[in-house]
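Residue numbers (UniProt numbering): 1 to 672.
Since the structure comes first, as structure tokens, the remarks are kept for the end.
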């Protein structure tokens with residue numbers, strides 16, 4: 001087949017009606033420039049408003065055109081700005097604008113690359129001529145000239161010794177300049193197999209040129225061509241029965257949200273099975289949040305109960321839709337009666353979609369437990385008492401535990417005590433023996449009222465809980481979490497009495513040290529306290545200063561009386577002592593700092609005073625020298641002396657006499 005015949009087949013292939021509007025949009029955007037910009041914008045607006053093409057398709061076109069038509073950067077930015085103003089609800093346009101890199105930024109940051117992009121060879125010469133440009137640099141510049149189709153810069157670099165890299169042919173196909181490709185071929189480089197780059201960059205003239213030279217028609221993948229948004233070349237494939245049964249074709253119409261195009265593939269090309277496809281059309285339809293696409297696929301026997309891989313485990317399509325907040329898609333799946341479980345029910349609760357929750361319940365979700373929180377726990381998490389009652393009425397267990405947590409554990413962290421009241425009324429275990437115990441979670445959340453509520457409803461104030469491999473009582477846990485007001489709730493009268501006994505002041509005149517506890521009983525705990533001196537959570541407790549002073553005084557005057565809980569009380573005493581040590585150390589450091597500042601200020605003031613004194617002495621000596629020079633210059637002085645009446649004047653006369661400037665003056669008479 002001749003070159004002309006092949007070119008005519010590609011360029012003049014009759015457009016399939018279902019593809020015609022997509023071809024118009026494709027050619028308009030890929031060929032946009034400053035001269036046809038307004039016409040192109042008007043055309044795209046009309047195609048979108050008439051729903052011949054989708055916003056998603058236009059977004060893909062602009063994204064790919066921006067990558068391969070960098071000289072049209074500014075007009076493309078104007079186009080997307082106009083579309084964003086018309087369709088502000090389509091958030092992807094705003095995201096693209098925020099990430100857009102204007103061509104002017106490239107001009108500022110990399111002027112050499114900018115001149116290559118624009119093929120300004122004379123400006124490019126000014127930058128590199130007269131400089132010792134390394135061969136590797138020339139090679140990089142040559143690759144850029146290939147990539148951007150800048151033929152003048154390419155010729156200049158080759159004529160000045162730049163060497164082609166192995167990637168040059170593929171880059172030249174991306175740049176789309178046939179002259180550069182011919183020059184590369186003339187330099188002995190192989191250009192076989194570069195048609196894929198030309199297809200991606202929408203250089204169909206290069207594709208036609210390569211078709212005439214090499215037979216790669218059978219290698220074309222229609223689905224991959226469509227993914228590049230090269231609808232013109234895809235139309236050629238369909239018209240010539242090239243790879244028309246590719247199951248991956250269904251993904252693209254679902255990706256761009258086009259039901260007419262999907263119908264064309266399913267009904268006219270008879271593609272009804274995507275089981276072997278690399279990309280699922282159902283996933284694309286869900287991500288587009290398109291109920292009509294899902295309903296159409298379901299009506300053509302596409303399996304809605306399949307699972308998909310998500311974050312290292314498999315989940316249902318409904319769960320996938322809910323995870324991505326695609327509510328329209330989720331409703332469509334639920335309407336078709338897909339299988340449901342606790343997982344989907346919980347995710348619908350998280351999305352606050354109660355109507356969807358009802359649909360999922362009607363599909364039997366409550367009867368299909370899975371490894372997750374129960375729906376009752378999910379409703380408690382959302383604080384929805386009405387839904388909690390419904391789930392309980394459907395047989396949900398109030399004491400179901402997942403990862404140590406029950407519904408009451410969750411309710412204990414909420415502000416609404418009605419949730420706890422309902423669960424406790426229905427038999428929830430207040431003293432759940434896990435690390436997610438309701439009482440301990442209420443303490444951790446700082447919910448004092450909830451702690452009181454649980455204590456009033458049977459929570460054991462003396463229970464212990466293992467948290468992070470450490471044993472805590474409620475009091476200890478409250479202190480660790482610095483919830484001091486809550487901690488006071490657990491200091492029972494019995495504990496107060498024991499503390500008063502051991503901290504009683506017996507003889508202020510003869511203070512006694514706290515007697516050591518029995519070694520066999522308390523040595524392990526004492527060792528723990530010793531080990532925690534350098535790094536202890538105890539030292540971080542915020543104990544008020546007035547309490548420190550009071551307890552300190554009591555500690556220094558104690559008796560030998562030892563209650564049964566001596567070890568626990570001793571630890572509390574040491575907590576106070578360590579807190580005092582920390583505060584004393586902080587005060588000492590602050591005092592040292594203030595002293596250092598004062599010393600520095602004093603040194604500066606002394607230095608300034610010395611400078612002022614020295615300056616005064618220098619000025620005085622300078623003045624005396626000036627006066628002496630003035631009088632000595634005359635050598636003799638004829639004057640009538642007036643007896644001075646100021647001490648300063650007499651000193652000055654005395655000075656002149658000593659210097660021999662004034663003669664015949666009797667200073668004894670003068671000073672009388």
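Note that the Cβ used here is the ideal one computed from N, Cα and C, for glycine as well.
| query | result |
| --- | --- |
| Segment contact flag, the region 36-50 with the region 275-286, C-beta cutoff 8 Å, min 3 pairs | no |
| Cα-Cα separation between residue 53 and residue 95, rounded to whole angstroms | 21 Å |
| Length of the line joining the Cα atoms of residue 376 and residue 469 | 29 Å |
| Exposed unless 16 or more other CB atoms sit within 10 angstroms - verdict on residue 3 | Summary for residue 3: the model assigns pLDDT 38, below 50, so the residue's position carries little reliability, and this model does not support an answer. |
| Segments assigned alpha helix (DSSP H), at least 4 residues, entirely inside the region 411-459 | 417-425, 438-444, 448-456 |
| DSSP state of residue 174 mapped onto helix, strand, coil | helix |
| Contact the region 188-198 vs the region 151-162: 3+ CB pairs below 8 Å | no |
| Close beta carbons around residue 214, own chain, < 8 Å, minus the five adjacent residues each side | 192, 195 |
| Collapsed DSSP secondary structure at residue 309 in the structure displayed | strand |
| CB of residue 60 within 8 Å of CB of residue 256, strictly | yes |
| Cα-Cα separation between residue 122 and residue 291, rounded to whole angstroms | 57 Å |
| Touch test, the region 306-322 against the region 254-270, Cβ-Cβ under 8 Å, three pairs minimum | no |
| Alpha helix (DSSP H) runs wholly inside the region 39-77, at least 4 long, in chain order | 55-68 |
| Exposed unless 16 or more other CB atoms sit within 10 angstroms - verdict on residue 599 | exposed |
| Alpha helix (DSSP H) segments (min. 4 residues) lying fully within the region 239-325 | 251-256, 259-263, 281-287, 291-299, 317-323 |
| Beta-carbon proximity list for residue 444, same chain, < 6 Å, skipping 5 on both sides | 481 |
| Residue-level contact to chain C via CB, residue 62, 8 Å cutoff | Included in the structure is just one protein chain, with no chain C present. |
| DSSP bridge partner residues for residue 405 (one or two, in chain order) | 402 |
| For residue 470, the residue or residues it bridges with in DSSP | 467 |
| Beta-carbon contacts of residue 73 that lie in its chain and below 6 Å, excluding the five residues immediately before and after | 103 |
| Status (buried if at least 16 other CB within 10 Å, exposed otherwise) for residue 602 | exposed |
| Sub-8 Å separation of residue 349 and residue 329 beta-carbons | no |
| Sequence-distant residues of the same chain with beta carbon closer than 7 Å to residue 453, five excluded per side | 417, 420 |
| Same chain, Cβ closer than 8 Å to residue 535, five either side skipped, listed in chain order | Because residue 535 sits at a pLDDT of 38, beneath the cut-off of 50, its placement in the model cannot be relied upon, and the following sentence gives the value as read from the coordinates. Answer for residue 535: no residue qualifies. |
| Option nearest residue 26 by Cα separation, candidates 246, 617, 201 | 201 |
| Backbone CA spacing between residue 28 and residue 306 [nearest angstrom] | 40 Å |
| Euclidean distance between Cα positions of residue 400 and residue 339 | 23 Å |
| N-terminal and C-terminal residue of the alpha helix (DSSP H) that residue 100 is part of | Taken as a continuous stretch (DSSP letters only), residue 100 belongs to no alpha helix (DSSP H), as it is neither H nor E. |
| Residue 126 and residue 288 closer than 8 Å at C-beta | no |
| Cutoff 6 Å; reference residue 409; Cβ partners in own chain excluding five residues on either side | 436, 438, 441 |
| Reference residue 365, options 345, 487, 355, 656, closest by Cα | 345 |
| Per-residue burial, residue 281 [other beta carbons within 10 Å of its own, 16 or more giving buried] | buried |
| Local conformation of residue 148 per DSSP, three classes | helix |
| Status (buried if at least 16 other CB within 10 Å, exposed otherwise) for residue 593 | exposed |
| Own chain, CB closer than 8 Å to residue 477, minus 5 neighbours either side, in chain order | 440, 443, 444, 465, 467 |
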